[in-house]
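Student: Here the protein sequences line up with chains A and B, keeping their order. The opening residue of the first sequence carries number 29 in the numbering used here; numbering runs sequentially from there. The opening residue of the second sequence carries number 495 in the numbering used here; numbering runs sequentially from there. Quick one: this structure, given as structure tokens, is what I'll be asking you about.
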Amino acid sequence: MATIKLRQVEKRFGEFQAVKPMDLTIDSGEFVVFLGPSGCGKTTTLRMISGLESVSTGDIFLDDRKVTWLRPSDRDIAFVFQFFALYPHMTAQQNIAFPLQAEGESKDEIDRRVKEVVDLLQIGHLLNFRPGKLSGGDKQRVALARALVRRPAAFLMDEPLGALDADFRESMRAEIKQLHLNLNATTVYVTHDQIEAMAMSDRIVVMSNAEVQQVGTPAQVYYDPANLFVARFIGSPGMNLMASQYGNGIVRLPGANQYVVSPDWRMALGEGLDSDDVIIGFRPEAAHIKPDGNLVGEVYASELYGAYTMLHVELDGNEIVHIRSDRQTRYPIGSKVRFDLDPEMVRFFNPKTEMAIN
Amino acid sequence: MAAFEETGPRNPVTESIRVDKVHPRARFMKNARAILVLILALIGLIPVVAMGLTAFKSRADVVAVPPKLAFEPTLEGFVFLLTERSQLSGSKLEEAKANADDLGLFGQIALRNGQRVNGPSDYVTRLWNSLIIAGGSTIISVVLGLFAAYAFSRFDIPGKDDLLFFILSTRMLPAVVVTIPLFLMFRQLGLFDTHLGMILLYTVFNLSLTVWLLKGFIDEIPREYEEAALVDGYTRFQAFYKIVLPQAATGIAATTVFSLIFAWNEYAFALMLTSNNARTAPPAIATMLGRGGIEWSAIAAGTLTFLIPVVIITFVLRRHLLRGVTFGAIRQ
Chain A
29 MATIKLRQVE
39 KRFGEFQAVK
49 PMDLTIDSGE
59 FVVFLGPSGC
69 GKTTTLRMIS
79 GLESVSTGDI
89 FLDDRKVTWL
99 RPSDRDIAFV
109 FQFFALYPHM
119 TAQQNIAFPL
129 QAEGESKDEI
139 DRRVKEVVDL
149 LQIGHLLNFR
159 PGKLSGGDKQ
169 RVALARALVR
179 RPAAFLMDEP
189 LGALDADFRE
199 SMRAEIKQLH
209 LNLNATTVYV
219 THDQIEAMAM
229 SDRIVVMSNA
239 EVQQVGTPAQ
249 VYYDPANLFV
259 ARFIGSPGMN
269 LMASQYGNGI
279 VRLPGANQYV
289 VSPDWRMALG
299 EGLDSDDVII
309 GFRPEAAHIK
319 PDGNLVGEVY
329 ASELYGAYTM
339 LHVELDGNEI
349 VHIRSDRQTR
359 YPIGSKVRFD
369 LDPEMVRFFN
379 PKTEMAIN
Chain B
495 MAAFEETGPR
505 NPVTESIRVD
515 KVHPRARFMK
525 NARAILVLIL
535 ALIGLIPVVA
545 MGLTAFKSRA
555 DVVAVPPKLA
565 FEPTLEGFVF
575 LLTERSQLSG
585 SKLEEAKANA
595 DDLGLFGQIA
605 LRNGQRVNGP
615 SDYVTRLWNS
625 LIIAGGSTII
635 SVVLGLFAAY
645 AFSRFDIPGK
655 DDLLFFILST
665 RMLPAVVVTI
675 PLFLMFRQLG
685 LFDTHLGMIL
695 LYTVFNLSLT
705 VWLLKGFIDE
715 IPREYEEAAL
725 VDGYTRFQAF
735 YKIVLPQAAT
745 GIAATTVFSL
755 IFAWNEYAFA
765 LMLTSNNART
775 APPAIATMLG
785 RGGIEWSAIA
795 AGTLTFLIPV
805 VIITFVLRRH
815 LLRGVTFGAI
825 RQ
């Protein structure tokens with residue numbers, strides 16, 4: 029298994045900059061997810077790693093081997109496509125054997141290795157069918173088998189679950205993760221589904237506007253977003269963000285609400301801010317409803333999600349924040365709620381740079 | 495039926511796997527449509543049937559008024575068409591009749607008209623020329639068209655749209671307009687009345703058709719298939735050969751038939767640019783009209799034999815053709 033290094037890799041299509049110069053090192057055996065809205069350059073980056081797309085500038089290394097200008101076939105990588113891209117005129121068996129035939133393996137060796145992956149993925153019953161006869165999930169299993177059979181240095185997956193039904197996606201997610209744990213294969217996985225990203229990855233690369241916004245573990249991008257984009261994009265709903273004023277250890281929210289900053293943060297805020305303006309952010313679960321809470325708002329809407337209730341609370345000053353409450357208590361629309369914020373989970377952003385303060 | 499009318503839907507069901515649930519009006523319309531199509535097909539077939547019948551009629555039956563539908567079939571027309579004969583008289587005729595058993599089928603038929611078969615006629619050569627020229631130009635234009643179409647479909651070619659339009663524009667001038675300059679050029683280049691010249695000409699003429707048609711078919715094949723092959727360890731050409739080609743089979747079949755039909759039927763160029771060596775069947779059939787007495791059965795036999803290869807090819811490729819023609823309409 030290989031490490032993948034991107035050094036100042038950039039992609040332009042004419043005037044349009046699809047990927048701004050980016051640096052990234054993916055460790056051997058790591059499961060890295062590129063996450064971002066559509067058109068953010070994540071798929072283009074993946075395709076550059078695979079060699080299906082040329083880089084405009086910069087270099088790509090696989091295990092210190094410079095592959096920037098190598099053909100896809102010479103890079104020793106496997107690619108799993110969103111729409112499977114199984115060869116329609118071949119049976120599942122022939123599809124899986126196809127990469128091995130390119131290597132000129134003997135027939136016995138091909139049969140042996142096909143059987144190996146077929147057993148691993150438990151798709152023996154599908155072998156004689158053409159892709160047209162297979163369900164979406166089975167197609168993707170065959171596509172995975174085709175990728176696995178060559179034992180490549182790295183797996184690149186472009187939204188492999190995007191074309192599957194919702195319930196199927198969940199079980200395939202677990203299958204792919206399990207497979208990764210078994211093989212310990214370096215995997216780069218592109219998705220716009222943050223649940224997939226959170227559930228599967230060792231590290232998430234959040235991209236937007238052709239740029240890397242943050243690279244970090246799922247916990248890092250969730251709890252410590254590097255900037256406002258990540259704060260909004262990760263989580264559903266995203267982080268509550270409010271433009272506020274800071275002074276003397278107190279954040280004044282729009283309206284009458286105030287939040288007293290914990291002593292640990294005061295230094296950082298003093299250094300990180302160039303004016304009084306600050307954006308305060310907290311996740312819905314960072315708010316704890318209690319009768320003597322410091323912050324107060326009016327229930328605007330209440331959504332029962334089953335395991336918990338998501339309250340939309342309108343604060344003084346017309347800001348609406350999302351607050352997670354338990355599933356039992358009912359909060360009638362229009363009623364007042366008081367809550368406190370968990371100081372561990374409150375984040376601050378510089379409104380000018382949009383970067384987190386820490 | 496009565497039960498249906500009381501409980502059935504207000505709007506007629508036009509498609510159902512249960513025959514009893516189809517509204518009578520819908521069923522009637524379906525039959526009416528079928529009958530209409532049948533009538534149109536019959537009208538369309540009249541000339542072909544007339545030609546087919548005439549090809550097997552004797553000299554007397556051909557000119558009979560009203561035309562005979564029931565007659566004794568004979569291969570006379572084919573004998574006249576395919577052989578060179580000489581008239582026998584007197585003792586020679588007697589001699590030939592005595593040895594009639596040694597003659598082949600054609601020889602015996604010719605003998606009934608007091609003629610001896612001397613050898614195959616020009617028409618056999620013409621048909622052979624047609625086969626070489628139409629076949630050769632079709633193969634070349636489909637192969638070249640396939641590569642060009644693939645490149646236009648997959649790569650960023652500078653001035654792609656202009657090039658494609660240019661290729662199409664080669665087909666815009668009617669044949670009559672360009673034959674004279676072509677004639678002069680062909681004579682200068684020594685291509686006049688050669689197979690090579692005709693193959694080149696039909697290839698160029700057909701290329702616009704094949705490039706455009708095949709580009710449409712290749713556009714429909716998702717790029718992911720080739721990309722998968724590229725990462726699976728194959729070169730671009732291997733991916734083209736192993737993945738794109740099988741996928742494009744229907745398109746290639748349809749394109750082949752279209753360009754074969756054009757090259758096979760082409761008349762104006764063939765008339766002007768060939769004389770003897772490379773003359774194809776269509777102008778040859780037409781010139782038969784002008785030679786002495788009109789042998790209608792021979793002409794009918796000529797057109798019939800001329801029709802057969804195209805019918806066979808179309809029939810062999812019909813499954814591909816049907817899918818090819820409706821290809822763009824259905825996404826898989």
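Note that CB positions come from ideal geometry on N, CA and C, so glycine has one too.
Taking C-alpha atoms, which residue in A:Pro116, A:Gly277, A:Leu297 lies nearest to Ala384 (chain A)?
Tutor: Comparing Cα positions, the closest option is A:Leu297.
Student: Roughly how many whole angstroms lie between the Cα atoms of Ser363 (chain A) and Arg352 (chain A)?
Tutor: Straight-line Cα distance between these residues: approximately 16 Å.
Student: Can you name the start and end residues of the alpha helix (DSSP H) that Arg648 (chain B) belongs to?
Tutor: Arg648 (chain B) -> alpha helix (DSSP H) spans 616-648.
Student: Output the distance between the C-alpha atoms of Glu566 (chain B) and Phe550 (chain B), rounded to the nearest integer angstrom.
Tutor: Glu566 (chain B) and Phe550 (chain B): Cα-Cα distance of roughly 8 Å.
Student: How about Pro127 (chain A): is its C-beta nearer than 7 Å to some C-beta of chain B?
Tutor: At least one chain B Cβ lies under 7 Å of Pro127 (chain A).
Student: Starting from Phe367 (chain A), trace the alpha helix (DSSP H) both ways and give me its first and last residue.
Tutor: Segment 364-369 is the beta strand (DSSP E) holding Phe367 (chain A); no alpha helix (DSSP H) there.
Student: Helix, strand or coil for Ala528 (chain B) per DSSP?
Tutor: Three-state result, Ala528 (chain B): helix.
Student: Taking 8 Å as the cut-off, does the region 722-736 of chain B touch the region 127-136 of chain A (at least 3 CB pairs, one atom from each stretch)?
Tutor: With a cut-off of 8 Å, the region 722-736 of chain B and the region 127-136 of chain A count as touching, because enough Cβ pairs lie within range.
Student: Between which two residues does the beta strand (DSSP E) containing Gln273 (chain A) stretch?
Tutor: Residues 268-275.
Student: Straight-line CA distance for Ala628 (chain B) to Glu137 (chain A)?
Tutor: Cα-Cα distance, rounded: 47 Å.
Student: Please return the same chain residues whose Cβ sits closer than 7 Å to the Cβ of Phe157 (chain A), not counting the five positions on each side in sequence.
Tutor: Within the same chain, Phe157 (chain A) has close Cβ partners Thr119, Ala120.
Student: Which same chain residues, not among the five before or five after Ile715 (chain B), have their C-beta less than 7 Å away from its C-beta?
Tutor: Cβ neighbours of Ile715 (chain B) beyond the five flanking positions: Val738, Gln741, Ala742.
Student: Tell me whether the region 61-77 of chain A and the region 231-249 of chain A touch, counting them as touching only if at least three CB pairs, one residue from each stretch, are closer than 8 Å.
Tutor: Verdict: yes, contact present.
Student: Closest to Ala643 (chain B) by C-alpha separation, out of B:Lys591, B:Leu690, B:Leu708, B:Leu625, would be which residue?
Tutor: Answer by Cα proximity: B:Leu708.
Student: What does a CB cutoff of less than 7 Å around Asn285 (chain A) pick up in its chain, not counting 5 residues either side in sequence?
Tutor: Contacts found: Leu323, Val324, Leu343, Asp344.
Student: Please report the distance separating the alpha-carbon of Arg197 (chain A) from that of Gly190 (chain A).
Tutor: Roughly 8 Å separates the two Cα atoms.
Student: What residues from chain B crowd round Pro159 (chain A), counting only those whose CB sits closer than 9 Å?
Tutor: By Cβ distance, chain B contributes nothing, its closest Cβ being about 10 Å from Pro159 (chain A), past 9 Å.
Student: So, for Ala795 (chain B): in the same chain, excluding its five sequence neighbours on each side, which residues have a beta-carbon less than 6 Å away from its beta-carbon?
Tutor: Excluding positions up to five away in sequence, the list reads Ala549, Gly571, Phe572, Leu575.
Student: Compare the Cα-Cα distances from Ser552 (chain B) to each of B:Val543, B:Ala564, B:Val542 and report the closest residue.
Tutor: For Ser552 (chain B), the nearest C-alpha among the options comes from B:Ala564.
Student: Measuring straight from C-alpha to C-alpha, what distance separates Ser236 (chain A) and Val47 (chain A)?
Tutor: Roughly 9 Å between the two C-alpha positions.
Student: For Ser330 (chain A), which residues does DSSP report across the bridge?
Tutor: Answer is A:Leu339, bridged to Ser330 (chain A).
Student: Go ahead and label Ala254 (chain A) buried or exposed: buried means 16 or more other beta carbons lie within 10 angstroms of its beta carbon, across all protein chains shown.
Tutor: It is buried - the Cβ of Ala254 (chain A) has at least 16 other Cβ atoms within 10 Å.
Student: Quick check: the Cα distance between Thr688 (chain B) and Met545 (chain B), rounded to an integer number of angstroms?
Tutor: Whole-angstrom Cα-Cα distance: 31 Å.
Student: Which residues, in order along the region 120-145 of chain A, keep a beta-carbon less than 8 Å from a beta-carbon of chain E?
Tutor: This model lacks chain E altogether; the protein chains it does include are A and B.
Student: How is Tyr115 (chain A) classed by DSSP in three states: helix, strand or coil?
Tutor: Of the three classes helix, strand and coil, the one that applies to Tyr115 (chain A) here is coil, per DSSP.
Student: Note down, in chain order, each residue of its chain lying with its Cβ closer than 8 Å to the Cβ of Leu269 (chain A), except the 5 sequence neighbours on either side.
Tutor: Closer than 8 Å at the Cβ level, and outside the excluded window around Leu269 (chain A), lie Leu256, Ala259, Arg260, Ile307, Ile308, Gly309, Phe377.
Student: Which whole runs of the alpha helix (DSSP H) in the region 185-249 of chain A are 4 residues long or more, in chain order?
Tutor: Taking only runs of at least 4 residues, the alpha helix (DSSP H) segments lying wholly in the region 185-249 of chain A are 194-211, 222-228.
Student: Within the same chain, show all residues whose beta-carbon is closer than 6 Å to that of Arg294 (chain A), passing over the 5 residues directly before and after it, in chain order.
Tutor: If we look at Arg294 (chain A) and ignore the five residues flanking it on each side, its Cβ neighbours are Gly277.
Student: Quick one: grab the DSSP three-state call for Asn700 (chain B).
Tutor: In this structure, Asn700 (chain B) counts as helix in the three-state DSSP scheme.
Student: Which of the residues in the region 743-756 of chain B, read from start to end, lie with their CB under 8 Å from any CB of chain A?
Tutor: Listed in sequence order: no entries.
Student: Answer yes if the region 666-680 of chain B comes into contact with the region 598-606 of chain B, meaning at least three C-beta pairs across the two stretches below 8 Å, and no otherwise.
Tutor: No contact exists between the region 598-606 of chain B and the region 666-680 of chain B.
Student: Buried or exposed for Phe109 (chain A), please, with buried defined as at least 16 other CB atoms from any protein chain shown within 10 angstroms of its CB.
Tutor: Its Cβ being crowded by 16 or more others within 10 Å, Phe109 (chain A) is buried.
Student: Would you please verify whether the beta carbon of Arg352 (chain A) is less than 7 Å from any beta carbon of chain B?
Tutor: For Arg352 (chain A), the answer is no, since every Cβ of chain B falls outside 7 Å of its Cβ.
Student: Skipping 5 residues on each side, what residues in its chain have a beta carbon closer than 6 Å to that of Asn771 (chain B)?
Tutor: Asp687, listed in sequence order.
Student: Taking the DSSP output, what are the residues bridged to Asn255 (chain A)?
Tutor: Note: Asn255 (chain A) sits in a beta bridge opposite A:Met383.
Student: Any idea if Gly822 (chain B) is buried or exposed, counting beta-carbon neighbours within 10 angstroms, 16 or more meaning buried?
Tutor: Any reading at Gly822 (chain B) must be qualified, since the residue scores a pLDDT of 43, below 50, and its modelled position is unreliable; no value is offered.
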